[in-house]
Amino acid sequence: MTSVTIGDSVATIGDYAFDCCTNLTSVTIGNSVTTIGERAFNYCDSLTSVAVGDSVTTVGYQAFCNCTSLTSVTLPNSITTIGGSAFQNCPIQTATMPTIAIPYIPKSNLQTVVITSGDTIGDSAFKNCTNLTSVTIGDSVTTIGDQAFYNCPIQTATLPTIAISYIPKSNLKTVVITSGDTIEDEAFRACTKLTSVTIPASVTTIGSSAFAGCTSLTSITIPDSVTTIGAYAFSGCDGFTSITIPDSVTTIGEYAFSDCTNLTNVTIPDSVTTIGYGAFSGCSNLKYNIKDNLKYLGNENNPYIYLVGMVDKTVTAVTIDNACKIIGHRAFAYCSNLTSVTIPNSVTVIGEYAFYECSSLASVTIPNSVTAIGVCAFSYDGRYNTNSLTRAYYTGDIAGWCAINFGDSSANPLSNGADLYINNEKVIDLVIQGDVETINAYAFSGWDNLTSVTIGDSVTTIGDYAFYDCRYLTSVTIGDSVTAIGDYAFYDCRDLTSVTIPDSVTTIGDEAFRSCYGLTSVTIGNSVTSIGRYAFLNCDSLTSVTIPDSVTTIGFQAFDGCDSLTSVTIPDSVTTIGYGAFFGCPNLNYNIKDNLKYLGNENSPYIYLVGMVDETATRVTIDNTCKFIGDRAFYMCDDLTSVTIGNSVTTIGKEAFQSCRSLTSVVFVDTTTWYYVRDYDDWVNKTNGDLKNVSNVATAANLLYNGSDYWYKL
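Residue numbers (the working numbering): 1 to 714.
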């Protein structure tokens with residue numbers, strides 16, 4: 001007997017049913033069979049392939065053991081139980097199976113695997129299957145264990161996106177992605193043997209460097225579902241000659257197709273709103289659409305979407321096509337003869353370094369269609385050139401200007417010496433009102449000619465760097481609706497003398513008023529809860545600060561370097577004072593008690609312990625109302641031997657007792673829940689601390705003087 005077909009009337013193949021049928025070469029198991037018994041086909045050593053019917057749930061112990069010619073097996077998704085050694089000594093090369101069967105299939109000869117169902121491929125499932133070249137993983141799989149395909153020379157893979165990161169890439173030639181919405185960052189980076197990729201219509205995002213360096217890849221079809229092509233996604237794919245970007249794509253990341261040296265044709269759809277820096281840099285053979293001395297990329301219906309640059313850079317005047325949407329990075333960089341450029345109302349983005357070193361450009365008109373201006377768009381190197389840009393005309397209103405997304409300070413023409421003209425009228429005293437809710441980052445950054453700002457009641461947010469480096473700004477009125485002052489918002493506004501922060505504000509950002517050297521007076525509203533890091537650093541004319549009862553956090557070095565500061569009021573509400581918050585304040589008047597210097601308020605003058613008056617003292621008792629022992633409060637007090645820390649203290653600052661070499665006794669009145677933590681941010685958040693036993697006074701002393709850690713009590 002060489003061939004057996006088991007009909008649909010049979011439900012069970014009994015134990016030993018075909019045991020030792022050595023001439024049997026082929027078996028077809030019908031769909032009525034549910035059970036294959038123990039050793040049913042044991043020692044059928046001529047059997048080459050088995051297709052198990054779709055109803056089988058159980059494969060018995062050693063059911064196909066010692067079938068030494070069995071190279072192909074197909075197991076149905078219905079299987080729930082497989083007995084031990086079911087396929088022992090079978091040289092299986094091709095296996096189609098659910099995940100439950102994986103542990104029972106011998107691996108040494110395995111060349112092709114098709115996973116049809118199941119959600120988990122376990123740890124090391126196919127590890128060191130050195131003949132495995134083809135893998136198909138079904139969409140049902142959601143979990144793949146560590147080293148599941150380690151050291152497998154896979155050349156062909158059909159799989160969902162979730163499985164990509166688990167497949168070795170060094171031998172990969174063909175990939176068919178079946179499902180998933182994101183091809184992750186670096187998914188196929190440097191797969192130099194990869195020649196074919198199929199991306200399904202489910203994918204919306206191609207991640208950063210996803211196919212970077214795939215030098216054997218000559219073409220790829222990007223489906224209409226993709227909206228984002230990440231940075232460097234196809235960088236260095238020098239086998240590409242043509243790319244069609246579908247109508248669904250809105251964003252092409254920086255350097256996405258850079259160094260595709262053989263790329264000659266690119267189709268960019270109307271849907272694209274953002275093209276990152278260097279997206280097509282190094283594409284030395286790319287063909288452009290030329291019009292009026294300008295080079296563009298686009299599509300058949302609109303060839304002028306993306307302005308790449310000039311043909312002849314010595315030309316003095318250019319007019320950009322009315323269909324152009326994006327002025328690319330460095331489009332006019334180093335065009336030192338350019339004196340006039342007409343930007344149409346179709347343009348929405350001006351790219352990075354677009355007008356870099358345009359040293360003859362005296363004015364620019366920015367249409368109200370522009371929503372974003374990239375990093376250093378209007379920058380110049382002052383070491384070699386004098387900037388000629390003195391006028392920036394904007395065709396919209398102040399609300400539109402405040403809504404532009406500037407990449408940095410040098411993206412804004414105002415930061416390079418230009419005055420702002422709205423409706424051809426020069427803005428002198430800036431009034432922001434009407435529909436403006438947010439002043440975007442860098443909106444007026446570096447505007448040297450700005451002296452006065454009134455922020456109306458419509459505004460709720462002053463963005464990061466909004467007035468950064470406005471050195472001659474002397475007057476600011478902040479409206480009663482502002483809730484947040486962003487990081488660096490008024491950094492280096494050197495001539496600003498006074499600021500009233502209204503009661504609506506809850507947050508003063510990091511470095512918000514740093515280096516406002518002329519600032520003598522600041523009123524902080526009663527709703528502020530957080531004063532950011534370095535918020536008033538080096539405000540060396542500031543003489544007095546009252547911190548309201550709403551404040552809970554004073555940031556890292558918030559008032560450091562305020563040389564003229566003589567008076568600070570710290571409320572009971574404060575729970576966190578960052579490192580060095582009042583360092584560099586040599587003229588600060590302290591509240592003195594028992595040889596110790598404190599800061600606080602009228603009712604609680606001893607909230608924050610700054611240090612000792614006489615640093616030669618040997619014993620100190622900290623006031624029972626003190627909440628904070630400040631950073632370096634007793635630093636290198638060599639004579640100090642004994643300290644009593646009261647029950648109210650919740651925080652001991654960094655290096656508070658460091659190098660107090662004589663310290664032998666520290667009494668914690670409350671010893672139960674003291675933690676220490678080395679990292680500053682962890683200390684602020686009061687997380688990840690190590691609980692320490694400080695009940696022994698000598699142990700506590702040793703911990704404090706040998707460490708530079710923060711301590712806090714919960």
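In this text, a Cβ means the ideal position worked out from N, Cα and C, and glycines have one as well.
According to the Cβ coordinates, are Asn587 and Pro605 closer than 8 Å? no
What number of angstroms, rounded off, separates the C-alpha of Leu704 from the C-alpha of Cys376? 49 Å
My assumption, with CB atoms under 8 Å, is that Leu389 sits in contact with Leu361. Please give the rounded CB distance. 6 Å
Let me check understanding here. Comparing Cα to Cα, which of Thr71, Val574, Tyr353, Pro200 lies closest to Pro106? Thr71
Among residues of its own chain, excluding the 5 on either side of Glu254, which ones have a beta-carbon nearer than 8 Å to its beta-carbon? Ala231, Tyr232, Gly276, Tyr277, Gly278, Ala279
Per DSSP, which residues does Ile326 bridge with? Please list them. Tyr306, Val349
For Phe18, name the three-state secondary structure that DSSP assigns. coil
Along the chain, which unbroken stretches of the beta strand (DSSP E) at least 3 residues long are found entirely within the segment 561-593? 567-569, 591-593
For Asn289, does the three-state DSSP call read helix, strand or coil? strand
When the distance is taken between beta carbons, is Asp560 closer than 8 Å to Leu537? yes
Sorted by chain position, which residues of the same chain lie with C-beta nearer than 6 Å to Ala331's C-beta, five sequence neighbours on each side aside? Leu307, Gly309, Ala354
Relative to the C-alpha of Ser369, which residue among Glu352, Asp381, Ser9, Asp397 is closest? Asp397
Report back the beta-carbon spacing between Ile327 and Val349 to the nearest angstrom; my notes put them in contact at under 8 Å. 7 Å
According to DSSP, which residues form a beta bridge with Lys173? Lys173 is not bridged to any residue.
Just how far apart, CA to CA, sit Thr451 and Glu352? 29 Å
Nearest-angstrom Cα distance between Asp448 and Ala466? 13 Å
Would you please state the rounded distance, in angstroms, between the beta carbons of Asp292 and Val318? I believe it to be under 8 Å. 7 Å
Considering only the beta carbon of each residue, do Tyr676 and Lys654 sit closer than 8 Å? no
Spatially closest choice to Pro76 from Ala698, Ala51, Asn89, Asn66, by CA coordinates: Ala51
Any idea if Pro98 is buried or exposed, counting beta-carbon neighbours within 10 angstroms, 16 or more meaning buried? buried
Please classify Val669 as buried or exposed, where buried requires at least 16 neighbouring CB atoms within 10 angstroms. exposed
Quick check on the DSSP output: what are the complete alpha helix (DSSP H) runs of length 4 or more inside the segment 644-708, in order along the chain? 680-685, 697-706
Check whether the Cβ of Thr500 lies closer than 8 Å to any Cβ atom in chain D. The chain inventory of the structure shown lacks chain D, comprising one protein chain alone.
With a threshold of 7 Å (Cβ to nearest heavy atom), would Thr342 be considered close to the ligand NAP? No copy of the ligand NAP appears in this structure; indeed no ligand is present at all.
Please return the same chain residues whose Cβ sits closer than 7 Å to the Cβ of Thr178, not counting the five positions on each side in sequence. Asp139, Thr158, Leu159, Pro160, Pro200
Out of Asn109, Asn42, Thr35, Ser124, state which residue places its alpha-carbon closest to the alpha-carbon of Ile82. Thr35
Look at Thr529 and Thr552 and say whether their C-beta atoms are less than 8 Å apart. yes
Going by DSSP in three states, Ser415 sits in which element: helix, strand or coil? helix
Asp270 and Asn302 closer than 8 Å at C-beta: yes
How many whole angstroms separate the CB atoms of Val620 and Val643, which I take to be in contact at a CB cut-off of 8 Å? 5 Å
Considering only the alpha carbon of each residue, which of Tyr712, Ala403, Leu640 lies closest to Asp690? Tyr712
As an exercise, report each continuous beta strand (DSSP E) stretch of at least 3 residues that is fully enclosed by the segment 458-518, in chain order. 475-478, 498-500
Could you tell me the distance, in whole angstroms, from the CA atom of Asp540 to the CA atom of Thr461? 27 Å
Backbone secondary structure at Ile275 - three-state DSSP: strand
For Leu338, count the other beta carbons within 10 Å of its own beta carbon; 16 or more makes it buried, fewer makes it exposed. Which is it? buried
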